[in-house]
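In our numbering, the protein residues as written are 143 to 300.
All remarks here apply to the structure that follows.
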């Protein structure tokens with residue numbers, strides 16, 4: 143299985159390197175869509191990919207994410223926000239998934255940790271469709287609090 147990482151970013155110089163470092167070895171393609179950074183975000187991203195695109199911000203997160211998805215060319219699309227990371231144990235799970243995934247799955251949902259207590263323990267989480275089959279053309283919906291509209295066969299992991 144090959145994976146395109148698709149991200150939208152803006153002024154993420156403080157966290158983008160940490161995010162990309164946590165996944166770069168598992169992605170065949172990294173696509174970064176910048177929505178108007180005025181800091182060093184784009185410069186930092188060039189250390190991880192040459193696929194860096196500008197997108198004029200139009201107050202619509204789904205439009206920006208859909209543009210990033212339209213640039214993907216691998217079997218599956220994985221999306222992250224710039225402040226997300228894959229912990230080492232989740233990196234291992236994703237590597238195993240890449241080697242064993244039955245390609246009949248259209249979407250793979252993963253735990254999304256929202257909040258932590260003062261000790262770093264997860265206090266709020268939910269599941270998000272993080273890895274989707276590119277050929278299905280799944281789309282993001284909603285200008286704010288956007289969601290990825292998916293269908294088909296699902297798998298829960300990580």
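Using N, Cα and C, we set each Cβ at its ideal position, and we do this for glycine too.
In this text the structure is predicted, and so the values were computed from the model without any measurement.
When the Cβ atoms of the region 223-237 are set against those of the region 156-175, are three or more pairs found closer than 8 Å? yes
Alpha-carbon spacing of residue 279 relative to residue 266, whole angstroms: The residue labelled residue 279 in the question sits at position 137 within the chain shown. The residue labelled residue 266 in the question sits at position 124 within the chain shown. Looking at the two C-alpha atoms, the distance is approximately 30 Å.
Residues in its own chain within less than 6 Å of residue 197 by CB, not counting five upstream and five downstream? As a first step, residue 197 must be located in the chain shown, where it is residue number 55. Here the set comprises 175, 177, 206 and 209.
By DSSP's criteria, residue 157 is part of a beta bridge. Which residues make up the other side? Your numbering for residue 157 matches position 15 in the chain shown. In DSSP, residue 157 forms no bridge with anything.
If you reduce the DSSP assignment to three classes, tell me which class residue 266 lands in. Position 124 of the chain shown, counted from the start, is the residue given in the question as residue 266. Correct three-state label for residue 266: strand.
Can you grab the Cα-Cα spacing for the pair residue 269 / residue 180, in whole Å? One-based indexing of the chain shown puts residue 269 at position 127. One-based indexing of the chain shown puts residue 180 at position 38. Straight-line Cα distance between these residues: approximately 32 Å.
Between residue 173 and residue 146, how many whole angstroms is the CB-CB distance? I'm expecting something under 8 Å. Start at 1 with the first residue of the chain shown, and residue 173 comes out as number 31. Start at 1 with the first residue of the chain shown, and residue 146 comes out as number 4. Confirmed, about 6 Å.
Can you give the Cα-Cα distance for residue 262 and residue 254, rounded to whole angstroms? Taking the chain shown and counting its residues from 1, one reaches residue 262 at position 120. Taking the chain shown and counting its residues from 1, one reaches residue 254 at position 112. Cα to Cα, the separation comes out at about 15 Å.
Please go through the same chain and pick out, in chain order, the residues whose beta-carbon is closer than 6 Å to the beta-carbon of residue 259, but skip the five residues on each side of it. Position 117 of the chain shown holds residue 259. Same-chain partners within the cutoff: 265.
Specify the secondary structure class of residue 280 as computed by DSSP and reduced to three states. Locating residue 280 in the chain shown gives position 138, counting from the first residue. In this structure, residue 280 counts as coil in the three-state DSSP scheme.
Helix, strand or coil for residue 224 per DSSP? The residue given as residue 224 occupies position 82 in the chain shown. Of the three classes helix, strand and coil, the one that applies to residue 224 here is coil, per DSSP.
Along the chain, which unbroken stretches of the alpha helix (DSSP H) at least 4 residues long are found entirely within the region 199-256? 203-212 and 230-242
Give a yes or no on whether the C-beta atoms belonging to residue 203 and residue 288 are separated by under 7 Å. Taking the chain shown and counting its residues from 1, the one referred to as residue 203 is at position 61. Taking the chain shown and counting its residues from 1, the one referred to as residue 288 is at position 146. Closer than 7 Å, so yes.
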